[in-house]
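Going down the list, the sequences are from chains A and B.
Under the working numbering, residues 199 to 679 are what the first sequence spells out, in order.
Under the working numbering, residues 2 to 403 are what the second sequence spells out, in order.
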Amino acid sequence: MRHLSVAAAGFLGIALVAGCASGGTRTATAGSPTPVPPAAPPLAAVAQDTTREGGLGSQYPSSYRRHPNPPVLIRNATIMTAAGQEIQGGSILFRDGKIVSVGTGAQVQPPADAVVVDGTGKWVTPGVIDVHSHLGVYAAPGTFAESDGNEATQPVTAEVWAEHSFWPQDPQIPLAIAGGVTTIQALPGSANLIGGRSAILKLIPARSVQDMKFPGAHYGLKMACGENPKRVYGQRGGPSTRMGNMAGYRNAFIAAQSYRQKWDKWNKDHQGDPPERNLRNETLAEVLRGNIYVQNHCYRADEMMQMLDLGHEFGFKIRAFHHAVEAYKIADVLAREGTASAVWADWWGFKEEAMDGIHENAALLQQAGARADIHSDDPGGIQRLNQEAAKAMYYGRRAGIPVTRDQALRWFTANAAWVLGIDSVVGTLEAGKMADVVLWSADPLSVYAKAVQVYNDGWLVYDRNDPAHQPRTDFTLGREP
Amino acid sequence: MIAFLLAQTIAITGATVFPVSGPKLENATVLIRDGRIAAVGTTVAVPQGATRIDASGKWVTPGLVDGAGQMGLREISAVQNTNEGQVQGNDVAASFNVLEGINPGSSLIRVTRIEGVTTTLATPGGALIWGQAALIDLDGATIEAMQVKAPAAMVVDLSEGSKSAGGGSRAGVAQRLRRVFNDALEYARRRNDYSRAQMQQLSASAADLEALLPVLRGQLPLIAVANRRSDIETALRIAREYNLHLILGGAAEGWMIPNEIAAAGVPVLVEPLDNIPSYDALGIRYENAALLGKGGVKVALMETATENTRDLRQQAGNAVANGMTWDQALRAVTLTPAEIFGVADRYGSLEAGRVANVVVWSGDPFEFSTGVEHVYIRGREIPLRSRQTELLERYRTLPPKY
């Protein structure tokens, strides 16, 4: 009863949303002032993790390495691929971190060295992806010492990176893994208009955040609309209004435009000394180039329309609105713009801009042809994104809005992968995809289902029935009875 | 009540009925008359003129009861002007009864009741002694019409959240609580001396000390919020010392000492979906409710997020996923909380004579695939409408017709 009567308090200061600017393809980095070594991610990368100024790709590279594992065959399970199929009596084989084949039993032949898992009566899905998490940056046990998610010292802090706050020993991480989560976007908080870069992470036990960084993933830029920035800065020099918020974003991107032009010119002609680096503008310039995705915390429909206009003014796309409790009011516009909405199934009412949340938000977005995603923004909710998606699907259906099981599954797998720009690598169970696989005790759209096994890149990171595969962080050692 | 006089006779027929106080009945009838349950069974004759609800294939349960939250006391958590659940500047707010702060017009009430939760505990907030909680039905134009029992319990906080009221130490919290209790007893013995100002200064106002007397006489239950094992043990110790009627709230580490809690005869209110460790409860885990139940403790489940009180059924489903039996979980959101708050003679089960808080579900109430088909509160069929259903209808097709 920590929250006998104050349950919502936790949402306010901490919960934040990100949104992404869509990106074009990543560009090569010839001409960087510091030579960028060829990024050599161990896995097929969506794009090269490089930015131009300063060779950041070389300075803060992913050191992720796939954990060696024997091949695994799960057979006679119901396999939900998130690619349109639900296969009864299905088998899935993966080896060396890659899905080899998915099909009915006869189609999938196990290698001699494969570990064979009996999936009878169980379900298999892709690994769960949460595009909105503060794990590691707002770590448990939740004291000031672990409160590293909001650099709430000025309203625009595009220069900070969530990975530099991320604590891999956050005891909430194993809890999320036990909920089937294999990839997260760890975001800065929503105190700021522009809160900083997100980190796209493989959710695995690791000594450093570098060992978790998803190879080749696009960084996100956390931006926030509405109440939070004006509440935080209203008495501290502003912004104190929504119009002040808009002016703040615009001023930041005007500066970034100029910065980008100088660097693009220098990268092309190498005339004279390179321009001086500026961390804030460096990140924003990458947004303008389409290499960093805007992940935009925004609740109200009218504000989302303003933010879309902001993107039009500066030529970037918003990859996803996060929280987006009113996205259903503009589902047609969001479909046209190609901007995703990462929403909750039923959070509403904890603040004024969240008053119009409805259960059918995701279903209405789906129906309109917009891209829907179910996110958590919460260390509890991340453990049951399957439940939240189920809730949203069934409420939609009861309202007469058709949603398929595959679509609901995609809300926390394939669509989430798209929001992060890693949908060619993860998010579905298809041959060639990374072996992020969850075995469930029952239909994952049932309240009674629990993850039984979780494979991340083929590595058995969680097994409900084997304490040897139940990771614990350093924090919990020696504490529990 | 006017609502009772207008109520029709309603017969819910052909359903799978879960009376909770007895075994499941197949193809059964629930007869509602004048706001009460008139009969439940497989051979109930439906009177002429009764409104028949064909519930073949449906599941019927008592309305769900949530022993937590601030329904009616907070419209929007972040908007202070809409919050009524706490008095400022008084750590011993025993005389604060939330009842007149409740807004029967709150939009949260409609959002909640159409999801099958019909009765909630409106709890105060604060530090140390929060005040008096009220049990309310989620229907009625006035607080008099909504009231089930007020006060239903006094609430004190023995968790980390109260430390400031104890000078920064849990030991200080316990000592201060004892001093307040002792002063209340002293006040009761020497009212005349008190009124003539012939007593040492007491640690709380006369009104607050007076309000504690029903607690100290064992007449009014005391909910003690406690999560750490040692805090739970402090609550049990103080309850023994003063012979209190104790209810534990939270009890996150209760699973460590279920036998001790059971031996004390103390029931607990547990939120199943809470496993995030803090220094207030590093041992918090999903299996708490099930392990307490297995240890013989009377367990009621709660959803503490006021605006999402409707997720009580998801809490119950997860309690089942983590070891409770389904029957236990249903009891833990109906009859058990009714027993804990002393209203089981009227609430929490489907039996003749009980208040007709009844829900017809399309299936297992804990499953996401299940929807609410009918809700009755005190025998009145509740229209399945809320702000949210109206928003859905307005924006179902775009652009909306304003």
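By construction, the Cβ of each residue, glycine as well, lies at the ideal position given by its N, Cα and C atoms.
Rounded C-alpha distance that separates residue i from residue j
i, j, result
"B:Pro-400", "A:Glu-524", "14 Å"
"B:Tyr-280", "B:Glu-254", "12 Å"
"A:Gln-408", "A:Ser-261", "5 Å"
"A:Ala-614", "A:Val-650", "22 Å"
"B:Ile-33", "B:Glu-27", "18 Å"
"B:Thr-62", "B:Ile-115", "14 Å"
"A:Ala-404", "A:Glu-474", "35 Å"
"A:Lys-420", "A:Asp-575", "13 Å"
"A:Gly-393", "A:Glu-349", "7 Å"
"B:Val-359", "B:Tyr-377", "5 Å"
"B:Arg-230", "B:Met-325", "21 Å"
"B:Ala-339", "B:Glu-242", "26 Å"
"A:Asp-661", "A:Phe-412", "23 Å"
"A:Ile-398", "A:Leu-482", "18 Å"
"A:Gly-509", "A:Arg-517", "10 Å"
"A:Glu-163", "B:Pro-268", "With chain A covering 199 to 679 only, the question about residue 163 of chain A has no answer from this structure."
"A:Thr-626", "A:Gln-564", "18 Å"
"B:Thr-390", "A:Gly-594", "12 Å"
"B:Asn-183", "B:Ala-208", "15 Å"
"B:Leu-74", "B:Ala-94", "16 Å"
"A:Asn-584", "B:Leu-213", "46 Å"
"A:Ala-205", "B:Thr-124", "Because the pLDDT of A:Ala-205 is 33, which lies under 50, any placement of that residue in the model is unreliable, and the number read from its coordinates should be weighed accordingly. Computed Cα separation, rounded: 12 Å."
"B:Glu-161", "B:Gln-315", "27 Å"
"A:Ala-312", "A:Thr-318", "18 Å"
Neighbouring residues, chain A, relative to residue i (Cβ below 9 Å)
i, result
"B:Val-334", "In chain order: nothing, as chain A lies at least about 13 Å away."
"B:Gln-389", "Trp-546, Asp-554, Gly-555, Ile-556, His-557 and Glu-558"
Per DSSP, the bridge partner or partners of residue i
i, result
"A:Pro-324", "A:Val-635"
"A:Cys-496", "A:His-521"
"B:Arg-37", "B:Arg-34 and B:Val-356"
"B:Val-93", "B:Ile-130"
"A:Trp-657", "A:Asn-654"
"A:Thr-302", "A:Gly-288"
Whole-Å CB distance - residue i paired with residue j, under 8 Å assumed
i, j, result
"B:Arg-177", "B:Ala-166", "7 Å"
"B:Leu-249", "B:Ile-262", "7 Å"
"A:Val-680", "A:Pro-427", "Examination of residue 680 of chain A is not possible in this model, given that chain A is present from 199 through 679 alone."
"A:Asp-604", "A:Glu-284", "7 Å"
"A:Ala-522", "A:Cys-496", "6 Å"
"A:Thr-279", "A:Val-300", "6 Å"
Partners in chain B for residue i, counting only beta-carbon separations shorter than 9 Å
i, result
"A:Gly-334", "Simply none; closest approach about 14 Å."
"A:Gln-585", "Gln-315, Gly-318, Asn-319 and Phe-369"
"A:Arg-677", "Pro-278, Leu-283 and Gly-284"
Any non-hydrogen atom of the ligand MG closer than 7 Å to residue i Cβ
i, result
"B:Leu-129", "Only the bare structure without any ligand can be found here, which leaves the ligand MG out of the picture."
Proximal residues of chain A, C-beta to C-beta of residue i below 7 Å
i, result
"B:Leu-274", "Gly-578"
"B:Val-321", "Tyr-646"
"B:Gly-372", "Arg-596"
"B:Leu-1", "Because chain B spans 2 through 403 in this model, residue 1 of chain B falls outside it and cannot be assessed."
Where residue i meets chain A, residues with beta-carbon distance less than 8 Å
i, result
"B:Phe-19", "Chain A residues near B:Phe-19: none, gap ~17 Å exceeds 8 Å."
"B:Asp-312", "Asp-544"
"B:Asn-289", "Those within 8 Å of B:Asn-289 in chain A number zero; the least Cβ separation is about 11 Å."
"B:Leu-399", "Lys-527, Ile-528, Ala-529, Asp-530 and Ala-566"
Contact set between residue i and chain B, taken where Cβ atoms lie within less than 8 Å
i, result
"A:Glu-173", "Residue 173 of chain A is absent from the structure shown; chain A starts at 199 and stops at 679."
"A:Arg-498", "What A:Arg-498 touches in chain B: nothing, since even the nearest Cβ is about 13 Å away."
"A:Pro-369", "Pro-278"
"A:Lys-589", "Gln-315 and Phe-369"
Within chain B, the residues that residue i reaches when beta carbons sit closer than 7 Å
i, result
"A:Leu-373", "Asn-276"
Any contact between the segment 182 to 194 of chain B and the segment 300 to 316 of chain B? By contact I mean 3 or more CB pairs, one from each, below 8 Å. no
Are there three or more Cβ pairs, one per stretch, closer than 8 Å when the segment 79 to 89 of chain B is compared with the segment 44 to 53 of chain B? no
Closer than 8 Å is the cut-off here; do at least three beta carbon pairs connect the segment 216 to 233 of chain B with the segment 193 to 204 of chain B? no
Report yes or no: do the segment 7 to 17 of chain B and the segment 648 to 665 of chain A share at least 3 C-beta pairs separated by less than 8 Å? no
Meets three-Cβ-pair contact criterion under 8 Å: the segment 156 to 172 of chain B and the segment 120 to 135 of chain B: yes
Looking at C-beta atoms only, is the number of pairs between the segment 321 to 340 of chain A and the segment 304 to 312 of chain A that lie closer than 8 Å three or more? no
Pairs of beta-carbons, one from the segment 103 to 117 of chain B and one from the segment 350 to 357 of chain B, closer than 8 Å: are there three or more? no
Is the segment 593 to 604 of chain A touching the segment 356 to 366 of chain A, taking contact as three or more C-beta pairs under 8 Å? no
Assess, as a yes-or-no matter, whether the segment 373 to 392 of chain B is touched by the segment 329 to 337 of chain B under the definition of 3 or more beta carbon pairs within less than 8 Å. no
Cβ pair count under 8 Å reaching 3, the segment 455 to 464 of chain A against the segment 385 to 392 of chain A: no
Measuring CB atoms only, is the segment 603 to 622 of chain A touching the segment 581 to 593 of chain A, in the sense that at least three cross pairs come out at less than 8 Å? yes
Are the segment 375 to 387 of chain A and the segment 269 to 278 of chain A touching by the rule of at least three beta carbon pairs closer than 8 Å? no
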